[in-house]
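Undergrad: The structure follows.
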Amino acid sequence: MDNIIAYVDDAEYALHQLAPMLNEASSARQPAQWILVACPPRMSRHINKWVNHTARENWRNKWADKLFKLITPRLHVRGDKVITLLSSGPLLEMTQELQLKYGTARVLDARRPKFGQDLQPVTPDQPPGQDSRWSVPGAVAGMAAFLVLASE
């Protein structure tokens with residue numbers, strides 16, 4: 009059985025990224041075992057003031073359930089086995105733990121890139137993200153310079 013670990017945070021984007029692997033899995037006729045890991049959006053560090061830990065965890069679980077309800081039917085149609093998990097801690101360590109538990113697996117990072125935010129790597133050989141601290145201020149400065157030039 010072919011094991012595939014997929015990190016997801018947006019159903020539409022993830023299905024688009026998984027499409028080639030779904031077609032490959034159906035043509036090979038070998039069943040696959042999908043290990044879907046939901047990566048919920050980060051919460052502000054100041055949210056602890058207003059929302060308790062249990063409420064935050066309940067929200068994360070409900071968010072993941074909605075995501076899985078949109079993705080898993082496409083995987084079950086092909087007869088593949090699906091295991092769903094919620095990310096906790098560094099993704100690199102989670103990948104290593106999952107590979108120890110399930111054996112050799114292909115790893116797919118199907119998380120939607122976000123403007124001004126680096127995604128943490130999921131494998132040791134994944135290139136680190138660019139330092140995006142300056143991407144938003146740089147974009148604003150560039151637009152301001154363009155507007156100044158356009159107005160003259």
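Here the working numbering is used: position 9 in the sequence shown is 17, and no number is missing along the way.
In this text, a Cβ means the ideal position worked out from N, Cα and C, and glycines have one as well.
1. Does DSSP classify Asp18 as helix, strand or coil?
2. Start and end of the beta strand (DSSP E) containing Lys89?
3. Select from Glu160, Pro121, Arg114 the residue whose C-alpha is nearest the C-alpha of Asp10.
4. If the criterion is Cβ atoms closer than 8 Å, does the pair Val6 and Leu44 meet it?
5. Helix or strand or just coil, what does DSSP make of Gln38?
6. How is Val59 classed by DSSP in three states: helix, strand or coil?
7. Tell me whether Arg82 sits in a helix, a strand or coil according to DSSP, three-state version.
8. Only counting the same chain, and skipping five residues up and downstream in sequence, which positions put a Cβ closer than 7 Å to that of Ile79?
9. What is the DSSP secondary structure of Arg53, counted as helix, strand or coil?
10. Is it buried or exposed for Ile55, if we count other Cβ within 10 angstroms and need 16 for buried?
11. Spatial neighbours of Gln107 within its chain, please: C-beta separation below 6 Å, excluding the five flanking residues on both sides.
12. Bridge partners for Arg114 per DSSP, in chain order?
TA: The relevant details are as follows:
1. The answer is coil: DSSP assigns Asp18 none of H, G, I, E or B.
2. From DSSP, the beta strand (DSSP E) with Lys89 extends over 89-94.
3. Per the Cα distances, Arg114.
4. Examination of residue 6 is not possible in this model, given that the chain is present from 9 through 160 alone.
5. Residue state, collapsed to three classes: coil.
6. Looking at Val59 - three-state DSSP - the assignment turns out to be coil, as it is neither helix nor strand.
7. Residue state, collapsed to three classes: helix.
8. Spatial neighbours of Ile79 in its own chain (CB-CB distance under 7 Å, excluding positions within 5 residues in sequence) are listed in chain order as Val16, Ala19, Ala22, Leu23, Leu44.
9. Arg53 falls in the helix class under three-state DSSP.
10. By the neighbour-count rule (16 or more Cβ atoms within 10 Å), Ile55 is not buried but exposed.
11. Excluding sequence neighbours, Gln107 sits near Ala113.
12. Per DSSP, Ile12.
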